[in-house]
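Note sheet for the following structure.
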Amino acid sequence: MPGLVLQPSRARSPLPPTNRRRPRGAGRPAGLPPRAVERGACHPLGHPAPPGRAPGSHALRPVGTGARAPMTQLHAPSFPVDLAVVGAGMAGQCAALFASQQGLSVAVLGPVGAWAYASGLFDLLGVHPVDQGTRVENPWEAVRALASDLPRHPYTLVSEQDMRTAFDGLLDAFDQAGYPYVHAPEANSDVITSVGTRKRTYCLPTTMWAGVAALRDRVPCLLVDFEGTKDYCARQIVVNASPAWPGLRSVRVRFPGVEGLSELSPEHLARRLDVPACRERLVDVVAAHVGESRAVGLPPILGFEKPLEALADLERRLGVSVFEVPSTPVSVPGLRVHLAFERLLRKRGVTALADRVTRAHVDPEGGFLLHAGDAESRVVVRARSVLLASGRFLGGGLVADRHRVREALFDLPVHQPGSRVDWHRKDLFDPRGHEVNQAGLQVDEGFRPRGPTGSPAFSTLHAAGSILAHQDWMRMKCGSGLAIATAWGAVRSCLGNTPGGKA
């Protein structure tokens, strides 16, 4: 585990002997059932408000029941950090990077398997107005228009200059991690996808950039796929894209060195192309089909840990531009993004825990206690501040039953339609979208989730990414931009909670 070695505590249990246990329910206010919680107005570190202040904001404090805590909880190893980030997706990793750059000690908690579903493209804003399906040419102009058209969208909480700074900072960091991204100065770019459609995005990995120029200039291009691969068919791309790109051709070849395997995984092929000898053998197979083509498009498998080296080697040997075509999962570019974050965060001493946070409550000494893992591998993180980047339904940040949508960890109020019958419209493709896709946490200007009365639930709890309300990132094509911008804004707010942070 990078950044910290955890040792179980050997301290004596602070609990009183069992023969001195208080009567069951002692100390609990009348009328509250066992294991209930008190709710009070917001106060620093989430403690209940002093007498005389209006109640309010969903701040929670465990109420004692007299029950003895399980031994696995008493002896779970614990460690302190300035900021605990709940969620290891794009928003969570960006928040950890930005916070560590500002001098905070950081822990990231949550599973990382969803990176295999990430395309590796960084969208800023691809469609606006979304109900008209208008494809955006200049995303920064569209962001300015969005601020007046959708004043509750999370983008309105971050200035354009801060958004640019966040993007630039992330791309600079990826340069250092060996996986650089590129973009046009003030414009989105179009790329061809693995199903032959065009996808508009803002930032692309360097391994895909030649495909932007090839599509724009309609140059003669050869698309290659391999026997035994699934969910990627070069011929399908040609059939769907050739009306607008007549110079496309396709070929299917056998990937060298994998004879006898009936099914090939993208990650396996990518790791093989980290090896120069494997690249040389691939060139021997592909070169015979290049002909008059000026570019060659491949599935996104140009190396796993050394994509730039693989790209340059293939271009040199083939004598033409080479590019990757974004594809469906398993997505090697998404896994490369995660690898880049791992390198960056490890270098900055960030602790990464792949366990899901199962319980959170206020630390009597200040801040929060987060319990992660199961009974056999439980860890307790003591955090001055917590940043929720746990996503919506797929990430587990929001959960739904037959009646309502709930926030999974703190049971924070969730903006949602008044009734489940209003979650979805009758037409799946209704241009107005579905109301449940606007569900999420409402936050103040410091990205602090609001409680029932509208004031912050906790003064040191923040949220970022797709768990935020009033946005439909999938339809607006702004998922990465939402994660990057709101992570930046939330971390800036967190700095005020921690002595020594760089404001």
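In terms of numbering that gives the first Met the number 0, the sequence shown is numbered consecutively and its last residue is 502. Every residue, glycine too, gets a C-beta built ideally from N, C-alpha and C. Here the structure is a predicted model, which means the values were calculated and not measured.
Item to complete: Output yes or no for whether 7 Å exceeds the beta carbon distance between V157 and A484.
Response: Sequence index remark: in the sequence shown, residue 157 carries index 158 (1-based). Sequence index remark: in the sequence shown, residue 484 carries index 485 (1-based). In this structure, A484 lies closer than 7 Å to V157 by Cβ.
Item to complete: State the DSSP-derived secondary structure class of C477, mapped to helix, strand or coil.
Response: Numbered from its first residue, the sequence shown carries residue 477 at position 478. C477 falls in the coil class under three-state DSSP.
Worksheet entry | Opening and closing residue of the alpha helix (DSSP H) in which I236 lies | Within the sequence shown, the letter at position 237 stands for residue 236. Note, I236: alpha helix (DSSP H), 233-240.
Discussion item. Out of L310, G445, G318, which one is the CA nearest neighbour of P275?
Written reply: The count along the sequence shown starts at 1 and reaches residue 275 at position 276. The candidate whose alpha carbon is nearest that of P275 is L310.
Practice prompt. Please confirm whether A233 and V218 have their CB atoms less than 7 Å apart.
Written response: Residue mapping note: residue 233 aligns to position 234 of the sequence shown, counting from 1. Residue mapping note: residue 218 aligns to position 219 of the sequence shown, counting from 1. Taking 7 Å as the cut-off, the beta carbon of A233 is found no closer than this to the beta carbon of V218.
Worksheet item: What first and last residue would you give for the beta strand (DSSP E) that runs through G445?
Response: Position 446 of the sequence shown holds residue 445. Segment: none, G445 is in no beta strand (DSSP E) and carries neither H nor E.
Worksheet item: Helix or strand or just coil, what does DSSP make of K198?
Response: Taking the sequence shown and counting its residues from 1, one reaches residue 198 at position 199. Three-state DSSP puts K198 in a strand.
Discussion item. Taking the beta carbon of V398 as the centre, do at least 16 other beta carbons fall within 10 Å, making it buried, or is it exposed?
Written reply: Position 399 of the sequence shown, counting from 1, holds the residue named residue 398. The residue in question, V398, is exposed, as its Cβ has fewer than 16 Cβ neighbours within 10 Å.
Discussion item. Which residues does DSSP list as the beta-bridge partners of P306?
Written reply: Position 307 of the sequence shown holds residue 306. BP columns for P306 are empty, so no partner.
Item to complete: Helix, strand or coil for V105, going by three-state DSSP, please let me know.
Response: Residue 105 sits at position 106 when you count from the first residue of the sequence shown. Three-state result, V105: strand.
Discussion item. Measuring only the C-alpha atoms, how far is E364 from R270?
Written reply: Within the sequence shown, numbered from 1, the residue matching residue 364 stands at position 365. Within the sequence shown, numbered from 1, the residue matching residue 270 stands at position 271. Whole-angstrom Cα-Cα distance: 48 Å.
Discussion item. Along the chain, where does the alpha helix (DSSP H) containing G296 start, and where does it finish?
Written reply: The residue labelled residue 296 in the question sits at position 297 within the sequence shown. No alpha helix (DSSP H) holds G296; the beta strand (DSSP E) holding it covers 294-297.
Discussion item. Using the Cβ count rule (16 or more neighbours within 10 Å means buried), how would you classify P245?
Written reply: Counted from its first residue, the sequence shown places residue 245 at position 246. Under this definition P245 is an exposed residue.
Worksheet item: Taking only runs of the beta strand (DSSP E) that begin and end inside the segment 328-379, which ones reach a length of at least 3 residues, in chain order?
Response: Within the segment 328-379, the complete beta strand (DSSP E) runs of at least 3 residues are 350-352, 356-361, 367-371.
Worksheet entry | Where A463 falls: helix, strand or coil (DSSP) | Reading the sequence shown from its first residue, position 464 is the one you call residue 463. In the three-state DSSP reduction, A463 falls in the coil class, being neither helix nor strand.
Fill in: Spatial distance of D273 from A353 (CA atoms)
Position 274 of the sequence shown, counted from the first residue, corresponds to residue 273. Position 354 of the sequence shown, counted from the first residue, corresponds to residue 353. Approximately 27 Å between the Cα atoms of the pair.
Discussion item. Tell me the rounded alpha-carbon separation between H414 and A468.
Written reply: As a first step, residue 414 must be located in the sequence shown, where it is residue number 415. As a first step, residue 468 must be located in the sequence shown, where it is residue number 469. CA-to-CA, the gap between H414 and A468 works out to about 6 Å.
Discussion item. Among the candidates F225, G86, V336, whose CA atom is the shortest distance from the CA of V284?
Written reply: Position 285 of the sequence shown, counted from the first residue, corresponds to residue 284. When each option's Cα is compared against that of V284, the closest is F225.
Practice prompt. Locate the alpha helix (DSSP H) running through V211, then write down its first and last residues.
Written response: In the sequence shown, the residue the question calls residue 211 occupies position 212. Under the DSSP assignment, V211 falls in the alpha helix (DSSP H) whose first and last residues are 205-216.
Practice prompt. Out of S479, L393, V420, point me to the one whose CA is closest to H402's CA.
Written response: Residue numbering aside, residue 402 sits at position 403 when the sequence shown is read from its first letter. When each option's Cα is compared against that of H402, the closest is V420.
Item to complete: Pull up the distance between the alpha-carbon of N187 and that of D216, whole angstroms please.
Response: Within the sequence shown, residue 187 is the residue found at index 188, counting from 1. Within the sequence shown, residue 216 is the residue found at index 217, counting from 1. Their backbone Cα atoms lie some 16 Å apart in a straight line.
Item to complete: Using three-state DSSP, classify D148 as helix, strand or coil.
Response: Numbered from its first residue, the sequence shown carries residue 148 at position 149. D148: helix per DSSP, three-state reduction.
Worksheet item: Taking DSSP as the reference, what is the three-state secondary structure of S12?
Response: Within the sequence shown, numbered from 1, the residue matching residue 12 stands at position 13. Annotation note: pLDDT 36 at S12 (below 50); position unreliable, coordinate value reported separately. S12 sits in coil when the DSSP states are folded into three classes, being neither helix nor strand.
Practice prompt. May I ask you to list the residues that DSSP assigns as paired with A83?
Written response: On the sequence shown, position 84 is the one that residue 83 refers to. A106, V385, per the DSSP bridge assignment.
Fill in: Pick from D230, H423, V84, P455 that is closest to A438, judged by C-alpha positions
Translated into positions along the sequence shown, residue 438 becomes position 439. The shortest Cα separation from A438 among D230, H423, V84, P455 belongs to H423.
Worksheet entry | Backbone secondary structure at A269 - three-state DSSP | For this step, residue 269 is matched to residue 270 along the sequence shown. If DSSP states are grouped into helix, strand and coil, A269 belongs with the helices.
Worksheet item: What residue does the alpha helix (DSSP H) around F173 start on, and which one ends it?
Response: Here residue 173 corresponds to residue number 174 of the sequence shown, with the count starting at 1. Note, F173: alpha helix (DSSP H), 159-175.
Worksheet entry | As assigned by DSSP and simplified to three states, the class of V126 | Counting from 1 along the sequence shown, the entry for residue 126 is found at position 127. V126: strand per DSSP, three-state reduction.
Worksheet item: How about L297 and P255: are their beta carbons less than 7 Å apart?
Response: In the sequence shown, the residue the question calls residue 297 occupies position 298. In the sequence shown, the residue the question calls residue 255 occupies position 256. No, the pair does not count as a contact, with Cβ atoms beyond the cut-off.
Fill in: Continuous beta strand (DSSP E) stretch holding L221: start and end
The sequence position of residue 221 within the sequence shown is 222, counting from 1. 220-225 is the extent of the beta strand (DSSP E) around L221.
Discussion item. DSSP three-state label for S118, please.
Written reply: Taking the first residue of the sequence shown as 1, we reach residue 118 at position 119. Coil.
Worksheet item: Is there contact here, the segment 457-466 with the segment 136-145, by at least three beta-carbon pairs under 8 Å?
Response: Between the segment 457-466 and the segment 136-145 there are fewer than three C-beta pairs closer than 8 Å, too few to call the two in contact.
Worksheet entry | Through-space distance from A209 to R163, alpha-carbon basis | Walking along the sequence shown from the start, residue 163 turns up at place 164. Walking along the sequence shown from the start, residue 209 turns up at place 210. Rounded to whole angstroms, R163 to A209 spans 24 Å at the Cα level.
Worksheet entry | P184, buried or exposed, once every other Cβ within 10 Å from all chains shown has been counted against 16 | Here residue 184 corresponds to residue number 185 of the sequence shown, with the count starting at 1. With fewer than 16 Cβ atoms within 10 Å of its Cβ, P184 is classed as exposed.
Worksheet entry | CA nearest to the CA of P204, picked from P179, A286, A482 | Here residue 204 refers to the residue found at position 205 of the sequence shown. The candidate whose alpha carbon is nearest that of P204 is P179.
Worksheet item: Expressed to the nearest angstrom, what Euclidean distance is found between the alpha-carbon atoms of S241 and G395?
Response: The residue you call residue 241 lines up with position 242 of the sequence shown. The residue you call residue 395 lines up with position 396 of the sequence shown. When rounded, the distance between both Cα atoms is 40 Å.
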